[in-house]
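Everything on this sheet refers to the single structure shown next.
There are 2 protein chains.
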Amino acid sequence: MNEVFQALSDPTRREILRLLRQRDMSAGEIAECFPLANSTLSGHFKILKHSGLIVSERSGTTIVYSLKVSAFEGMLAAVMELFEVDKEPKESKK
Amino acid sequence: MNEVFQALSDPTRREILRLLRQRDMSAGEIAECFPLANSTLSGHFKILKHSGLIVSERSGTTIVYSLKVSAFEGMLAAVMELFEVDKEPKESKK
DNA sequence: GTGTTATTTCGTTAATTGGCGAAATAACGA
DNA sequence: TCGTTATTTCGCCAATTAACGAAATAACAC
Numbered sequence: 021m022n023e024v025f026q027a028l029s030d031p032t033r034r035e036i037l038r039l040l041r042q043r044d045m046s047a048g049e050i051a052e053c054f055p056l057a058n059s060t061l062s063g064h065f066k067i068l069k070h071s072g073l074i075v076s077e078r079s080g081t082t083i084v085y086s087l088k089v090s091a092f093e094g095m096l097a098a099v100m101e102l103f104e105v106d107k108e109p110k111e112s113k114k
Numbered sequence: 021m022n023e024v025f026q027a028l029s030d031p032t033r034r035e036i037l038r039l040l041r042q043r044d045m046s047a048g049e050i051a052e053c054f055p056l057a058n059s060t061l062s063g064h065f066k067i068l069k070h071s072g073l074i075v076s077e078r079s080g081t082t083i084v085y086s087l088k089v090s091a092f093e094g095m096l097a098a099v100m101e102l103f104e105v106d107k108e109p110k111e112s113k114k
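As you go down the protein sequences, you meet chains A and B in turn.
Position one of the first sequence corresponds to residue 21 (my numbering), numbered consecutively onward.
Position one of the second sequence corresponds to residue 21 (my numbering), numbered consecutively onward.
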């Protein structure tokens, strides 16, 4: 889970996720959306993959990335656990 | 929102939030739960405060920290927006 | 095989981060 | 006022991070 929070801490990586939310995209397509070197984006893909938030599949000479929604569910659960969502009220206000 | 993701990216800070989920605590009480210098924890408090996830109130000579749940709601919404939660299905699987 | 395109890996660098101890600040009680 | 306690701020340092360009890899077409 640490890897997921880590992956989400960078704005560029969150934007990559936002792009993939709309449709699967190749590394090159994603790279065109940023003013960054391909190698830089590749590094971000690696981190996102390692966190489990995206998966890749080679299609000929291109590599297509896509969101892995199941990883998100775990993430959501962790965030909710972090706060008191789904717990009894705390009764501390005033 | 960037500050929130940034704040959540560190394990120590997430643990601080987890502690505060149970009850409000002073800086010293929180610090006792970690093998870190007080000054280090104070830095974490500062980041968490800046992100809006916690608030502080001085009580005599101690400073009491508490969770700010409303900030979490924004965070949750951002995470859900990041993924396709609450959107129509994507129709891409197989 | 050679060449082309798409992508990643490698090595470097500058900026950020998390840690520390020491000094500063704040509030209290004597 | 002078201590004492609680906490933060201030350098400082080591480790991590995000960026780059150049070189390496992979798949294809010829």
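C-beta atoms are modelled at their ideal positions from N, C-alpha and C, and glycine is treated no differently.
Just so it is clear, the structure is predicted and the values come from calculations on it, not from any experiment.
Annotation: the stretch 23-81 of chain A contains the following complete segments of the alpha helix (DSSP H) (minimum length 4 residues), in chain order: 31-42, 47-52 and 58-71. The secondary-structure analysis by DSSP pairs A/S86 across a beta bridge with A/V75. Put simply, the backbone Cα of B/S79 is about 22 Å away from that of B/A57.
With contacts defined as CB atoms closer than 9 Å, A/I74 and A/K88 qualify as a contacting pair. Distance check between A/P31 and each of B/Y85, B/E23, B/I36 and B/T32 places B/E23 closest, using alpha-carbon atoms only.
Contact of B/M45 with chain A by beta-carbon distance below 9 Å is absent, the smallest such distance being about 11 Å. Fewer than three Cβ pairs drawn from the stretch 45-62 of chain B and the stretch 45-61 of chain A lie within less than 8 Å of each other, which leaves the two stretches out of contact. B/M95 carries a helical assignment under DSSP once its states are collapsed to helix, strand and coil. A/S90 is classed as exposed because its beta carbon has fewer than 16 other beta carbons within 10 Å across all chains shown. Straight across, the Cα-Cα distance linking A/F25 with A/V99 is about 10 Å. In this structure B/S29 does not touch B/T82 by the C-beta definition: roughly 28 Å separates them, more than the 8 Å allowed. For A/I36, the CB contacts under 7 Å within the same chain, skipping 5 residues up- and downstream, are I50, H64 and L68 in chain order. Counting only residues of its own chain and dropping the five nearest sequence neighbours on each side, A/M21 has a CB closer than 6 Å to the CB of A98. Rounded to the nearest whole angstrom, the CA to CA distance from B/L61 to A/V84 is 42 Å. One alpha carbon belongs to B/L40, the other to A/R38, and they sit about 31 Å apart. Looking at A/L102, A/M95, A/S86 and A/E93, the one whose alpha-carbon comes closest to that of A/R43 is A/S86. Taken through DSSP and simplified to helix, strand or coil, B/M21 comes out as coil. A/A27 and A/R33 have their C-alpha atoms roughly 7 Å apart.
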